[in-house]
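Counting from 1, position 143 in the sequence shown corresponds to residue 150 in UniProt numbering; the numbering is continuous, with no gaps.
As structure tokens, the structure follows; a few thoughts come after it.
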Amino acid sequence: SIVAQRIAAGEVIERPSSVMRELLDNALDAHSTSIIASVTEGGLEEITVIDNGEGIASEDLPLCCESHATSKVTSFEDLYHLDTMGFRGEALYSIAAVSSITISSRFLQNDAFSITIDNGRKQAVVPGGPSEGTKVTVSGLFKEVPARRQFLKRPSTEATMCKNLLIEKSLAFPDRSFKFYSDGQLKLDLRATDKKQRILDALSTSQNIVPSEMLELFDNAGRFSLYALASSPAIFRSDRSHIKIYVNERPVEEYSLVQAVSYGYGELLPGGSFPYCYLFITVDPTLVDFNIHPTKREVKLRNKAEIHHQVVAMISTQIKRTIP
Ligand code: ADP
Ligand code: MG
């Protein structure tokens, strides 16, 4: 029923940036190289994500908003070898329950087709759509669920949350290009590049950092590898807000690893100060469990102690080496 569907949606879709998160994940999973996202009125009016990925076959369009309609996991075992951002098949289903969503797509050399689901009411598949990839438009979010709408912030705040979410995701995929528009204005234009440059490009939208003060650190310990773009001890902050941890391309909130970064700097930084550090951990998928709630950013790492140790060691030895 639509009531059950809306209750399920409430757990996944809290605000425009949750829609943005799910649409970006799908665009990334579709192997797109160019992703264009836009919001109007902070996404309260409309959120659109256009990708140039592999597309959706017209016969699958009516299915992709069904509950558990995932094309990404076919066996329970797959959950332990995840190489996609999505796997639950409930994002589009949830979004469709609390908005009007139109999915338009072109698959292979076929003609493009579109479908609209208006607050759970599925309409017919009709011809028409992009010349490549997929375009998803979500409009009137929570229009029929006023109780949820009242928890949203001002449009400008919601727009900033969407932009920050896109920046956060884009750091893990520097080889894809991302654009972000708010109310028709281009706010972000991130060209495909390498990891260091992507982080510097994204940082430059909010911080003044001299690129030469950011150091690339690498470590490969067999069952996992580490990459960090970390500040020299000459620049630091009074908060931890620029220590960011990613595990297999996903931003995670893992306090013990944030601490490991700080331990690595140790005495190199004055007490109570923190570095800029973007740490990317790549670990064998069988050692990591993301099979938790999509809005939570927890991760279960089976070899956390080993990773923690290696992060401290990498930072302390490699940062020290750069000091004359
Ligand atoms: P999940 O990503 O967990 O599989 P979603 O509800 O997010 O579930 O999407 C359902 C399905 O719709 C996906 O498994 C995929 O097959 C298809 N899909 C959604 N968005 C796109 C897209 N941008 N490009 C290609 N396929 C897509
Ligand atoms: Mg998904």
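Heads up, the beta-carbon is just placed ideally off N, CA and C, and yes, glycines get one too.
Quiz item: For ligand 1, any of its heavy atoms closer than 6 Å to the Cβ of Gly17?
Solution: no
Quiz item: Near Leu159, what residues of its chain come up, given a Cβ to Cβ distance below 7 Å and the 5 sequence neighbours on each side ignored?
Solution: Arg22, Leu51 and Glu165
Quiz item: Considering only residues of the same chain and omitting the five flanking positions on each side of Ala98, which have a CB-CB separation below 6 Å?
Solution: Glu29
Quiz item: So, helix, strand or coil for Leu35, using DSSP?
Solution: helix
Practice problem: May I ask whether a heavy atom of ligand 2 can be found less than 6 Å away from the beta carbon of Ala320? | Solution: no
Practice problem: Give, in chain order, every unbroken run of the beta strand (DSSP E) that is at least 3 residues long and sits entirely within the UniProt domain "DNA mismatch repair protein S5" (209–327). | Solution: For the UniProt domain "DNA mismatch repair protein S5" (209–327), whole beta strand (DSSP E) runs of length 3 or above, ordered along the chain, are 221–227, 231–238, 250–254, 257–259 and 284–290.
Quiz item: Taking just the CA atoms, how far does Ser78 sit from Arg128?
Solution: Arg128 and Ser78 have their alpha carbons spaced roughly 22 Å apart.
Practice problem: Pull up the distance between the alpha-carbon of Leu178 and that of Gln204, whole angstroms please. | Solution: Taking the straight line joining both Cα atoms gives about 10 Å.
Quiz prompt | DSSP state of Arg128 mapped onto helix, strand, coil | solution = strand
Practice problem: Label Arg328 either buried or exposed according to how many other C-beta atoms from any shown protein chain fall within 10 Å of its C-beta, with 16 as the threshold for buried. | Solution: With fewer than 16 other Cβ atoms within 10 Å, it is exposed.
Practice problem: Using the beta-carbon of each residue, find all residues closer than 6 Å to any heavy atom of ligand 2 and list them in chain order. | Solution: The set, ordered by position in the chain, is Glu29, Asp32, Asn33, Gly93 and Ala98.
Quiz item: Is the Cβ-Cβ distance between Ile322 and Gly271 less than 7 Å?
Solution: yes
Quiz item: Is the beta carbon of Arg95 within less than 6 Å of some heavy atom of ligand 1?
Solution: yes
Quiz item: What first and last residue would you give for the beta strand (DSSP E) that runs through Ile9?
Solution: Careful: Ile9 lies outside any beta strand (DSSP E), inside the alpha helix (DSSP H) at Ile9 to Val19.
Exercise. Could you have a look at Pro181 and say whether DSSP puts it in helix, strand or coil?
Key: coil
Self-check item: Proximity test, residue 2 beta-carbon vs ligand 1 heavy atom, cut-off 6 Å
Solution: In the structure as shown, the chain begins at 8 and stops at 331. Residue 2 is therefore absent and cannot be evaluated.
Practice problem: Assign Leu115 to buried or exposed, taking buried as 16 or more other Cβ atoms, counted over all protein chains shown, within 10 Å of its Cβ. | Solution: exposed
Exercise. Measure the alpha-carbon distance for Tyr253 versus Ala320 and round it to whole angstroms.
Key: 18 Å
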